[in-house]
Amino acid sequence: AAETARILVEFLEVAITSIVFHKRVYPAGAFERRRYMNAVVHRAKQPELRDYIHSSVNALFPFIQKGLVERVLVIFFNKDDNVVNERFVFKLGMNQSSSSGSKIEEADLEFSLRSFLIKLPTSENLTKPLPPDCRWEVTAYFRGLPEVGTSKEADVWIPTDTKQWQHLPEVTPIKSMSSQPLSLQLFVEHPSPSEPKTCHV
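In UniProt numbering, the protein residues as written are 1 to 201.
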């Protein structure tokens with residue numbers, strides 16, 4: 001479970017960076033091309049951006065290892081009113097009973113995760129342009145809430161201020177996989193057409 005969690009955390013760091021790159025939140029020059037799992041990916045040049053993604057995802061490691069993390073989201077929202085425009089959702093399922101972490105399984109797992117990285121650049125036509133000056137954050141949903149104050153890992157996470165949608169969102173699947181140690185789904189969510197619109201004066 002620890003090795004699977006390590007591979008997943010490393011993958012999420014790369015995948016989240018790729019999502020932020022492809023959504024054009026920052027100029028293209030803020031990123032550099034790298035290879036990861038034999039796929040071309042992007043890495044943030046700015047230390048603050050790189051550290052935010054790295055620390056956010058790595059803080060999830062002990063909870064992913066215990067199977068407590070249900071979803072990891074990249075949420076894009078309006079700067080002025082915190083209304084969400086778009087959410088990329090990684091839905092996780094860790095198989096706690098799988099203890100035969102062989103090298104072959106690790107190779108198969110990395111091969112499956114690589115397909116997500118290849119799919120991400122082609123998913124741009126499934127998403128919508130973001131408004132100017134939008135903000136974004138990494139958010140995690142836990143199956144069981146870690147108790148704040150009981151560990152340094154739990155104290156890293158604070159409640160999000162982004163406003164939740166009142167209606168079920170429109171969901172567009174991007175990629176999914178199911179294996180013995182891990183199942184993973186990636187989909188993008190947009191507000192329902194019936195979602196109340198925010199009016200600016």
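Ideal Cβ placement from N, Cα and C applies to all residues, glycine included.
Could you give the DSSP three-state label for residue i: helix, strand or coil?
i: residue 30; result: helix
i: residue 45; result: coil
i: residue 56; result: helix
i: residue 122; result: helix
i: residue 35; result: strand
Ends of the beta strand (DSSP E) at residue i?
i: residue 69; result: 69–77
i: residue 85; result: 84–94
Which residues bound the alpha helix (DSSP H) around residue i?
i: residue 20; result: 2–22
i: residue 62; result: 61–65
Using only the alpha-carbon positions, how far apart do residue i and residue j sit?
i: residue 90; j: residue 76; result: 15 Å
i: residue 18; j: residue 183; result: 21 Å
i: residue 117; j: residue 33; result: 13 Å
i: residue 180; j: residue 95; result: 7 Å
i: residue 58; j: residue 65; result: 11 Å
i: residue 1; j: residue 11; result: 15 Å
i: residue 189; j: residue 107; result: 30 Å
i: residue 124; j: residue 114; result: 18 Å
i: residue 206; j: residue 86; result: The question about residue 206 has no answer here: the residues shown for the chain are numbered 1 through 201.
i: residue 38; j: residue 110; result: 10 Å
i: residue 140; j: residue 31; result: 24 Å
i: residue 78; j: residue 170; result: 18 Å
i: residue 175; j: residue 193; result: 24 Å
i: residue 23; j: residue 144; result: 31 Å
i: residue 4; j: residue 88; result: 22 Å
i: residue 177; j: residue 185; result: 6 Å
i: residue 119; j: residue 13; result: 16 Å
i: residue 134; j: residue 112; result: 32 Å
What does DSSP give as the partner residue(s) for residue i in the beta ladder?
i: residue 185; result: 91, 176
i: residue 136; result: 76
i: residue 142; result: 69
i: residue 171; result: 189
i: residue 25; result: DSSP, once it has assigned bridges, lists no residue as partnering residue 25.
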